[in-house]
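Undergrad: Heads up, the sequence shown is in the numbering used here, so the first residue is 12 and it goes up one at a time.
First the structure, then my questions, so here it is.
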Amino acid sequence: MVANIIKLNKAKKKVSKKALIIIGLLIIVLIGGALAYYFLVINKSGSNNSSQSNNQSNTSQSKTLTSDQVATLVDNTSQLIDNGDTETAEINLKDAVSGTSDNQQKFTLYNSLSDVYLSNKQYDEALSAVQSAIDSSPDSADSTTYSQMAEIYEAKGDIANAIKAYEQALAELDQNDDLQANRVIFYQEEITRLKGN
């Protein structure tokens with residue numbers, strides 16, 4: 012009888028620990044959702060309502076987003092693309108680009124915007140977004156940026172510019188770096204494939 016009571020108490024403790032863990036996870040998800048909602052909906056509309064007064068009184072202040080806000084927006088963009096809601100993704104990214112003066116953030120946001128356009132087969136807009144990313148922060152452009160550009164050119168059917176973009180991607184890599192060896196091989200293979208050799 013005592014053994015059964017002890018087992019029952021242990022089972023209750025396990026259940027209560029699991030319940031606490033589940034409740035804790037739910038709270039985290041709810042807080043995360045609330046923050047995302049705030050930054051993507053409420054904060055956007057609040058900033059639109061007060062933008063005139065802020066522009067008049069704070070014209071010298073620069074606008075930036077936190078790195079967490081940018082990361083969340085990029086993650087949300089990927090999810091929206093996967094769900095087929097590219098219109099919302101485009102609106103959110105354009106608002107974020109206009110809402111920051113930080114060039115590195117603009118670079119990241121424009122690259123995400125090019126993904127939205129590419130998924131919609133809007134190749135000219137996708138190329139324009141990648142070029143805007145490069146223009147906003149030239150030092151941030153790397154092999155991945157030019158590889159993305161090559162992918163867009165190829166999808167558009169512009170093989171000559173796709174090859175040039177892959178060659179630029181290859182030029183951005185340290186070909187003696189073992190960590191980048193796979194990218195070097197990939198870009199070389201893509202160039203060869205596109206040239207038809």
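Glycine is no exception: its CB is placed at the ideal position from the N, C-alpha and C atoms.
Is it the case that the segment 82–91 contacts the segment 119–135, given that we only count it when at least three CB pairs across the two stretches are under 8 Å?
TA: yes
Undergrad: According to DSSP, simplified to helix, strand and coil, what is residue 167?
TA: Locating residue 167 in the sequence shown gives position 156, where the first residue counts as 1. Three-state result, residue 167: helix.
Undergrad: Mind checking residue 126: buried by the 16 CB within 10 Å criterion, or exposed?
TA: Looking up residue 126 in the sequence shown gives position 115. Residue burial annotation: residue 126 is buried, with at least 16 other C-beta atoms found within 10 angstroms of its C-beta.
Undergrad: If we ignore side chains and look at the alpha-carbon of each, how far apart do residue 106 and residue 135 end up?
TA: By 1-based counting over the sequence shown, the position of residue 106 is 95. By 1-based counting over the sequence shown, the position of residue 135 is 124. Answer to the nearest angstrom: the Cα atoms are 20 Å apart.
Undergrad: Residues in the same chain with beta-carbon distance under 6 Å from residue 58, minus the five sequence neighbours each way, listed in chain order, please.
TA: Your numbering for residue 58 matches position 47 in the sequence shown. Bear in mind that the predicted position of residue 58 carries a pLDDT of just 44, short of 50, making it too unreliable to give a figure here.
Undergrad: Please go through the segment 112–154 and give each complete alpha helix (DSSP H) segment of 4 or more residues, from N-terminal end onward.
TA: 114–130 and 134–147
Undergrad: Taking Cβ to Cβ, would you say residue 164 is nearer than 8 Å to residue 198?
TA: Indexing the sequence shown from 1 puts residue 164 at position 153. Indexing the sequence shown from 1 puts residue 198 at position 187. In this structure, residue 198 does not lie closer than 8 Å to residue 164 by Cβ.
Undergrad: Please classify residue 112 as buried or exposed, where buried requires at least 16 neighbouring CB atoms within 10 angstroms.
TA: Counted from its first residue, the sequence shown places residue 112 at position 101. The residue in question, residue 112, is exposed, as its Cβ has fewer than 16 Cβ neighbours within 10 Å.
Undergrad: Of all the options 129, 77 and 201, which has the alpha carbon lying nearest to the alpha carbon of residue 114?
TA: Reading the sequence shown from its first residue, position 103 is the one you call residue 114. Per the Cα distances, 77.
Undergrad: Helix, strand or coil for residue 76? Go by DSSP, reduced to three states.
TA: What you label residue 76 is simply residue 65 of the sequence shown in a count that begins at 1. Residue 76 falls in the coil class under three-state DSSP.
Undergrad: Can you tell me the Cα-Cα spacing of residue 144 and residue 32, whole angstroms?
TA: Against the sequence shown, residue 144 aligns to sequence position 133. Against the sequence shown, residue 32 aligns to sequence position 21. Taking the straight line joining both Cα atoms gives about 42 Å.
Undergrad: Return yes when the Cβ of residue 194 is within less than 8 Å of the Cβ of residue 184, no when it is not.
TA: Here the question's residue 184 lines up with position 173 in the sequence shown. Here the question's residue 194 lines up with position 183 in the sequence shown. Contact flag set, yes.
Undergrad: In whole angstroms, what is the alpha-carbon distance linking residue 179 and residue 158?
TA: Within the sequence shown, numbered from 1, the residue matching residue 179 stands at position 168. Within the sequence shown, numbered from 1, the residue matching residue 158 stands at position 147. Computed Cα separation, rounded: 8 Å.
Undergrad: In whole angstroms, what is the alpha-carbon distance linking residue 161 and residue 75?
TA: Locating residue 161 in the sequence shown gives position 150, counting from the first residue. Locating residue 75 in the sequence shown gives position 64, counting from the first residue. Taking the straight line from one Cα to the other gives about 30 Å.
Undergrad: In whole angstroms, what is the alpha-carbon distance linking residue 102 and residue 123?
TA: Along the sequence shown, one-based indexing puts residue 102 at 91. Along the sequence shown, one-based indexing puts residue 123 at 112. Straight across, the Cα-Cα distance linking residue 102 with residue 123 is about 12 Å.
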